Each structure stands twice: as C-alpha cells, then as structure tokens.
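Protein chains in written order, with my numbering: chain A, 15 to 457; chain B, 10 to 337.
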C-alpha cells in the first residue's frame with residue numbers, strides 16, 4: 015500500500031483498479047443484456063422468444079435441421095440448445111434444478127431409466143403434456159406413452175426415440191465359420207429364443223476364425239434379454255423382483271451360460287477395450303439397439319464397411335430411448351410446449367431417423383418413406399427402418415421402478431463382470447450383485 | 010497468503026518512510042492515513058473471506074447438517090432427521106471399509122515412490138546440468154496435463170488385449186496382466202498415474218529447498234571427505250526435513266481425496282472402481298452414494314468422515330513436526 019501510494023505506482027494501481035471494475039461491470043451488464051434479450055419483447059430482441067432445450071448426448075435435432083425449420087415457421091421464436099454429454103452428469107443436475115425451481119431449460123430431456131422416477135416423485139413439477147394442443151395420444155406406441163404417464167394420467171414427457179433390439183453381426187466372420195450370412199437366414203437361426211442364439215454361438219465356436227469369439231459381452235446379452243420382459247426388477251404393483259424374478263433369473267442364466275462356454279470376448283461395453291475390439295474385428299455379434307449403429311460404424315471404421323449386417327433379434331426388447339418434457343418452472347411454457355409437440359410429431363421423428371438412425375416412437379412415422387425405405391449403406395445396405403420398426407411393434411410395456419439403472423448396473427457391472435472378467439463363480443457374482451442392490455435400495 | 014502478509018507488513022512499515030521525507034500531514038489526512046493503515050489489510054483479505062464463507066464454510070456446514078438427515082436427490086424437499094444413523098451405517102458397511110482400505114493402499118503405493126523419486130530427481134537437477142531450464146520445465150509438464158487426458162492415455166496403455174504395457178511384458182516373456190480386474194494390478198495402475206502426474210511437481214519443490222541450503226555446508230562436508238552420496242544423506246536430507254514434511258502432508262491430503270484417476274480408469278461405470286470395487290476410493294464411494302444412488306445424506310456423512318480423517322492426519326503431522334523440532 016505504502017509503495018503504491020506514491021508516484022507512478024499509484025497511477026498504475028488506479029489504472030488497475032479501474033480496469034478490474036470495468037471488466038466486472040461489463041461482464042455483469044453483458045449477463046443482464048443477454049437476459050433482457052431472452053424476455054418476450056425485450057428491447058433490442060426484435061420481439062423474439064428464446065426457447066431453451068437441455069439434452070444429454072446428441073439428440074440430433076440441430077443436425078437434422080429441425081430447429082432451423084421451426085424458426086422459419088415461427089419467426090418469433092429462437093431455439094437455444096445446451097447439451098451435456100453424459101446422462102449420469104445431466105440427470106443429477108436436472109434433479110437439483112427441479113428442486114430449486116431455477117436453472118431449468120424450457121424443455122428438458124429425460125432418459126427412459128429416469129422417467130419413471132420423475133413421473134412417480136416429481137410429476138407436479140412438469141406440465142401435463144397429454145392435454146397440450148396438437149398431442150394425440152394414439153400417435154405413440156402405447157408402451158412408450160405409458161412410461162412417462164403417472165397413475166393419475168398425467169404425462170410428463172413426450173416420447174422421442176425408442177431402442178428396439180436387433181443383432182448386428184459380422185458377415186465375413188460368419189462365412190468363415192460356416193454359418194449363413196443372409197440376414198433373413200441369420201435371424202431364423204435364433205428366432206424366438208435367446209438360447210438358440212447361444213446354440214448358434216457354439217456352432218460358430220467349432221469353426222471360429224482365429225482370434226475371434228461369438229459375442230462381445232455377457233452384459234450386453236443380459237440387457238438384450240431382460241429388456242424383453244414386462245416385469246423385470248419390479249412387479250406392476252411395485253413389489254421388488256430383483257432377488258428372484260423370472261426375467262432376472264432367465265437373463266442371468268443366459269449370461270452365465272455364455273461366459274461358461276467361452277462365447278464372449280470378456281469385454282465391458284463402452285470401455286476403451288470394447289472400442290478397440292471393434293477395430294480389430296474381435297467378435298462376430300453384438301445385440302444392438304438402433305442408437306448403437308452409429309457407435310459401431312465409428313469404432314469399426316472404414317475397414318468394417320459392408321462386413322457388418324443387421325438381423326432380427328430372438329425376442330422383441332427395448333433398450334433405451336428418451337422423452338422431452340416441459341418443467342412448470344420454465345420461462346416460456348406455451349412456446350416450449352408447442353416446440354416439444356412439434357419435435358416429437360411423426361413427421362419430425364421420421365426426419366430425425368433419416369439423420370440420426372433413432373427409431374421413432376410414433377408408428378405413424380414407420381410408413382413414411384424416410385423410415386420405411388431406409389437402408390444403412392455401412393451395414394451392407396440392411397433395411398434398418400424395416401428391421402427395427404418390426405421389432406418395435408411387439409415390445410411389451412416395460413414396468414419401471416425406483417433405482418432402475420442402479421439395479422441394472424449391479425447385475426451387469428458387478429455381478430456379471432465378476433464372473434466374466436475376474437473368474438469368480440456364478441454364485442459369488444450373484445451374491446455380489448444382491449449385496450450391491452441392498453446397499454442402493456437402503457437409503 | 011504470502012501476498013497479503015507482505016502487503017500488511019508494507020503498510021506497517023509505511024509511517025517511518027513517509028514521516029521522514031515530507032512535512033507533517035493535516036489532521037484530516039492523518040486520520041485517513043490511520044484508517045488506511047488499520048483497515049486496509051482487512052479490505053484486502055475480505056474478498057478471500059467472503060468467497061471462503063460462500064464456497065468453503067457454508068458447504069461444509071450444510072454438508073454436516075445433511076449428514077444428520079435423510080436427504081435423497083430424487084426428493085430434495087423432503088428431509089427427515091436421522092441423527093447418527095448414517096455414521097453408524099458407515100461403520101457397518103463393507104463398501105465403506107473397502108474404500109477406506111483402498112484409499113490407504115493406493116495412497117501408500119503412490120505417495121512413497123512419488124516422493125522418493127522426486128527427491129532423487131531434485132538431487133540430480135541440483136547439480137550443474139546442460140539445459141537445466143529445459144529439464145525443469147519437462148518435470149512440470151505432467152503436472153500441467155489434465156487428469157482426464159492423462160488417465161485416458163494410461164487406460165489405453167494398460168489395456169488387457171491391446172495395451173502397450175502388456176505388449177511390452179509379452180515381449181519380455183511375461184504373460185498379460187489384467188490391469189483393470191486384479192486388485193493389486195489395478196491399484197498399482199492407478200497409483201502410477203498419480204506418480205506420473207505429481208513426481209515432477211514435488212521434485213521442483215525439493216529443488217527450490219535444496220537451493221536454499223548454504224553452500225558452506227557442502228564445502229565443509231567435502232573437506233571432511235564426504236562423497237556426493239554422503240553429502241546427500243547427511244546434509245541435503247536433514248536440511249530438507251521441513252519441506253519433506255510439507256510434501257508428505259500435502260500428498261497425503263491429495264491421496265485421501267483421490268478421485269479423478271480411479272474414476273476415469275474404471276471406464277463406463279468408473280464410480281464403482283472395478284467389478285469388485287477393487288480400486289474404489291473414498292472419493293469414488295462418496296460420489297457413487299450421492300450422485301448415482303441419490304443418497305445425499307449418506308454421501309454427506311462420507312464427506313464429513315473424510316474431513317475428520319484429514320484433520321486427524323494433519324494433527325499427527327503437526328505432532329511429528331513439533332517432536333522433530335524439539336529434538337533438533
């Protein structure tokens with residue numbers, strides 16, 4: 015202080031302080047100005063409403079040009095999207111924002127594993143979209159509609175995409191192992207039962223090309239199987255089933271059999287080594303919902319082109335899919351509801367499929383040429399629209415309960431992983447999964 | 010810290026300097042002057058205190074409050090008094106003890122080699138070297154790398170099927186190691202990431218301390234016929250003792266809070282720290298309880314337990330330092 019108060023130092027200090035104050039003031043004003051522009055009819059905003067939409071991962075609305083088109087149709091609306099990469103970061107944030115009633119986007123995306131929790135515990139914080147103008151409940155697959163609807167009939171989210179399961183397989187490896195390569199014949203190999211899929215795996219193993227195995231992971235197989243049952247971890251009236259339910263038992267046994275017979279590459283899905291195994295062509299099949307196709311293409315690279323193909327899964331099942339809803343605390347509710355309804359209408363879902371390969375949750379879109387005639391050039395020109403929409407029709411209404419994702423992870427990432435990767439016995443793996451679940455469920 | 014004290018000292022030293030050179034200031038200026046002297050230091054410290062109260066003290070107290078209640082992330086408005094329930098639960102919980110044990114073993118596996126290597130490196134750098142600045146900057150580059158970037162590279166290196174480490178081991182005739190799934194192998198892998206990031210940083214701290222050791226000590230040691238190694242043992246290390254204690258305490262705190270490296274090393278479900286939680290640290294356990302299982306009350310209890318542990322460690326460190334000081 016003393017040194018500063020004399021001569022040039024003082025001047026420098028004054029300049030410094032003024033500079034800091036100016037910067038702070040400018041940033042504050044900047045923030046205010048932005049806020050002002052958000053408001054309806056704010057000065058300088060040209061009377062435009064900014065509708066914000068918060069998503070996790072890539073929903074593809076922007077990429078498919080849907081925002082642009084909506085803004086063209088509604089010159090008074092500007093759409094602002096904010097994306098958080100992973101749902102496990104996005105969802106806790108959404109929960110805290112909902113509790114605070116602040117920091118929310120006008121439209122918020124919800125993952126299928128969370129939507130039950132939100133519908134059961136926080137439905138009053140969302141607009142009831144079943145009453146929104148332009149919404150026809152009959153447009154959606156009944157089970158998809160039911161997932162975001164409370165017992166009292168309030169619908170907190172409109173369905174976007176769904177995740178009907180197929181099996182992606184390597185034609186070249188199948189040929190060398192002496193198995194059929196035509197996608198219809200491959201689908202017939204295991205039609206109706208996942209145990210037939212394992213039988214095909216044993217046939218593959220007999221003449222397997224060196225260094226390859228039949229399936230990527232037991233956890234993937236478990237997921238593909240269990241998501242085909244209506245009641246998995248809870249019954250319809252909320253009784254827990256994770257200790258002994260028939261769906262859990264059947265899917266667990268399937269996974270254990272796959273591990274014991276050495277039909278899996280002992281990988282964990284979405285780990286780096288899984289990515290590398292794609293690039294190296296290490297496994298011949300993987301149970302794939304439509305959203306996984308882009309991933310496979312990216313990780314297998316140009317070398318995998320025309321080697322992959324898509325066949326029907328043994329049983330219809332749904333893995334993943336999302337919803338968009340409008341929180342009560344949203345700033346521009348009316349505009350947000352209009353946009354949400356438009357984004358999830360069949361025509362827009364069909365266009366999204368074209369760009370993003372996410373299967374619409376509105377059957378009316380299936381007849382549209384974008385979906386019905388779609389072929390995926392990377393996957394040997396497979397008619398993906400046809401395969402996945404056929405799989406979508408017979409999916410049961412999955413019953414969701416609390417801690418859905420944590421219970422699933424306890425089986426796949428603890429129980430099965432201990433058996434598959436750490437060589438423990440199925441019994442030890444099962445017990446570890448049950449301990450894990452007990453720890454989650456007990457608050 | 011250092012900046013504020015030096016300013017305050019300057020302010021205290023001011024009257025002498027001033028009074029000598031100029032005429033006596035008027036009563037108003039004099040009063041202003043005294044205020045300036047008395048209160049300016051507080052004004053300078055105030056921003057820190059305000060930020061500390063908002064982002065340090067309040068969360069700390071709030072976490073303490075939450076640890077005594079049932080708070081679920083899925084229904085934040087509904088809280089219920091739980092007393093010591095969460096703490097009692099922790100003591101009975103295998104996952105908690107497992108995490109505590111892992112935190113300790115990974116902490117030892119990373120801190121001990123790290124500090125020993127840092128000491129050795131600092132010793133090497135202390136001598137005249139060509140391009141000394143280059144080496145010092147090189148030491149600091151791992152520290153400047155982000156945890157995420159570094160860990161992702163290490164995940165690739167330690168891959169079971171296609172990793173470079175296993176490839177090199179294979180070339181030596183040693184079978185592949187499943188770095189992620191073994192207990193010791195995974196803990197060593199996580200520790201190696203920590204070592205890689207922090208060794209250079211500690212080496213620079215040691216180097217700075219070494220350069221403050223008076224040359225006369227070395228000269229007289231050399232006159233007595235001490236070799237370089239003996240000089241290191243009997244001159245450098247004793248002179249560095251306070252610095253070593255400081256780095257031990259700081260590294261221990263860092264090890265107790267270990268989070269990013271094991272989380273990213275664990276891949277898709279990293280918060281579990283492996284299929285049998287073999288490298289789940291306390292930090293990961295806290296994160297899993299709070300942000301994956303939504304039990305904020307229980308997570309707060311873990312946080313406060315960690316805080317108490319750190320206080321304990323700091324107290325032990327302080328005691329050791331005092332004892333040492335008394336001996337010397």
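From the three backbone atoms N, C-alpha and C, an ideal C-beta is built for every residue, glycine too.
The structure displayed is predicted, hence computed values, not measured ones.
Let me check one thing: in DSSP terms, what residues is residue i bridge-paired to?
i, result
"residue 304/B", "81/B"
"residue 336/A", "125/A"
"residue 14/A", "Beyond the ends of chain A as shown, which are 15 and 457, falls residue 14/A; an answer cannot be given."
"residue 248/A", "254/A"
"residue 176/A", "335/A and 373/A"
"residue 341/A", "140/A"
Measuring CB to CB, does residue i end up less than 8 Å from residue j?
i, j, result
"residue 184/A", "residue 288/A", "no"
"residue 462/A", "residue 171/A", "Summary: the structure shown does not reach residue 462/A, with chain A confined to residues 15 through 457, and so no result is reported for it."
"residue 164/B", "residue 274/B", "yes"
"residue 344/A", "residue 142/A", "no"
"residue 167/B", "residue 156/B", "no"
"residue 369/A", "residue 78/A", "yes"
"residue 227/A", "residue 297/A", "yes"
"residue 225/A", "residue 277/A", "no"
"residue 377/A", "residue 363/A", "no"
"residue 241/A", "residue 159/A", "no"
"residue 450/A", "residue 424/A", "yes"
"residue 393/A", "residue 304/A", "no"
"residue 279/A", "residue 231/A", "yes"
"residue 200/B", "residue 322/B", "no"
"residue 264/B", "residue 84/B", "no"
In this structure, does DSSP put residue i in helix, strand or coil?
i, result
"residue 45/A", "At residue 45/A, the pLDDT of 44 sits below 50, so the modelled position is not reliable; the number obtained from the coordinates is stated separately. It is helical."
"residue 294/A", "coil"
"residue 396/A", "strand"
"residue 69/A", "strand"
"residue 90/B", "strand"
"residue 247/B", "helix"
"residue 36/B", "helix"
"residue 84/A", "helix"
"residue 347/A", "helix"
"residue 171/B", "coil"
"residue 294/B", "helix"
"residue 260/B", "helix"
"residue 107/B", "helix"
"residue 437/A", "coil"
"residue 327/B", "helix"
"residue 76/A", "coil"
"residue 243/A", "coil"
"residue 266/B", "coil"
"residue 453/A", "helix"
"residue 283/B", "coil"
"residue 102/B", "coil"
"residue 154/B", "coil"
"residue 289/B", "coil"
"residue 160/B", "helix"
Would you check whether the ligand MN has a heavy atom nearer than 7 Å to the C-beta of residue i?
i, result
"residue 62/A", "Looking for the ligand MN in the displayed structure turns up nothing, as the structure carries no ligands at all."
Next on the checklist: If we require 4 or more residues per run, which alpha helix (DSSP H) segments fall completely within the segment 110-151 of chain B?
Outcome noted: Listed in chain order, nothing qualifies, since the segment 110-151 of chain B has no complete alpha helix (DSSP H) run of 4 or more residues.
Checklist entry - Can you list, in chain order, the stretches of the beta strand (DSSP E) that have 3 or more residues and sit fully within the segment 86-174 of chain A? => result List check, beta strand (DSSP E) in window: 91-98 and 121-125.
Item to check | Uninterrupted beta strand (DSSP E) stretches inside the segment 257-336 of chain A (no shorter than 3 residues) | outcome: Scanning the segment 257-336 of chain A for uninterrupted beta strand (DSSP E) segments of 3 residues or longer gives 297-302 and 322-326, listed from N- to C-terminal end.
Item to check | Stretch pair the segment 79-99 of chain B + the segment 296-309 of chain B: three plus CB contacts closer than 8 Å | outcome: Short answer: they touch.
Checklist entry - Counting pairs of beta carbons, one from the segment 138-156 of chain A and one from the segment 253-267 of chain A, are three or more of them closer than 8 Å? => result Output reads no: the segment 253-267 of chain A does not touch the segment 138-156 of chain A.
Checklist entry - Looking at C-beta atoms only, is the number of pairs between the segment 122-139 of chain B and the segment 205-225 of chain B that lie closer than 8 Å three or more? => result Three or more Cβ pairs drawn from the segment 122-139 of chain B and the segment 205-225 of chain B lie within less than 8 Å of each other, which places the two stretches in contact.
Item to check | Minimum length 3: unbroken beta strand (DSSP E) runs contained in the segment 179-234 of chain A | outcome: List check, beta strand (DSSP E) in window: 180-184 and 227-229.
Item to check | Completely contained alpha helix (DSSP H) runs for the segment 373-420 of chain A, where each covers 4 or more residues | outcome: List check, alpha helix (DSSP H) in window: 383-386 and 398-407.
Checklist entry - Counting Cβ pairs closer than 8 Å, one from the segment 343-357 of chain A and one from the segment 304-324 of chain A, do we hit at least three? => result Output reads no: the segment 304-324 of chain A does not touch the segment 343-357 of chain A.
Item to check | At least 3 beta-carbon pairs within less than 8 Å: the segment 145-164 of chain A vs the segment 432-445 of chain A | outcome: They do not touch, by the three-pair rule.
Checklist entry - Would you say the segment 85-96 of chain B touches the segment 180-196 of chain B, given that touching needs at least three Cβ pairs under 8 Å? => result No, the segment 85-96 of chain B is not in contact with the segment 180-196 of chain B.
Item to check | the segment 247-267 of chain B / the segment 118-128 of chain B touching (three or more Cβ pairs under 8 Å) | outcome: Because the criterion of three Cβ pairs below 8 Å is met, the segment 247-267 of chain B and the segment 118-128 of chain B touch.
Next on the checklist: Three Cβ pairs or more, each shorter than 8 Å: is that satisfied between the segment 249-258 of chain B and the segment 213-232 of chain B?
Outcome noted: With the rule of 3 Cβ pairs closer than 8 Å, the segment 249-258 of chain B counts as touching the segment 213-232 of chain B.
Next on the checklist: I'd like the ranges of any alpha helix (DSSP H) spanning at least 4 consecutive residues and lying wholly in the segment 183-242 of chain B.
Outcome noted: Uninterrupted alpha helix (DSSP H) stretches at least 4 residues long and entirely within the segment 183-242 of chain B occur at 192-220, 224-232 and 237-240, given in chain order.
Checklist entry - On the three-pair Cβ rule with 8 Å, is the segment 118-136 of chain A touching the segment 415-427 of chain A? => result Judged by pairs of C-beta atoms under 8 Å, the segment 118-136 of chain A touches the segment 415-427 of chain A, as three or more such pairs exist.
Next on the checklist: With three or more C-beta pairs closer than 8 Å as the rule, is the segment 39-51 of chain B touching the segment 74-90 of chain A?
Outcome noted: Remark: fewer than three beta-carbon pairs, one from each stretch, lie closer than 8 Å, so the segment 74-90 of chain A and the segment 39-51 of chain B are not flagged as touching.
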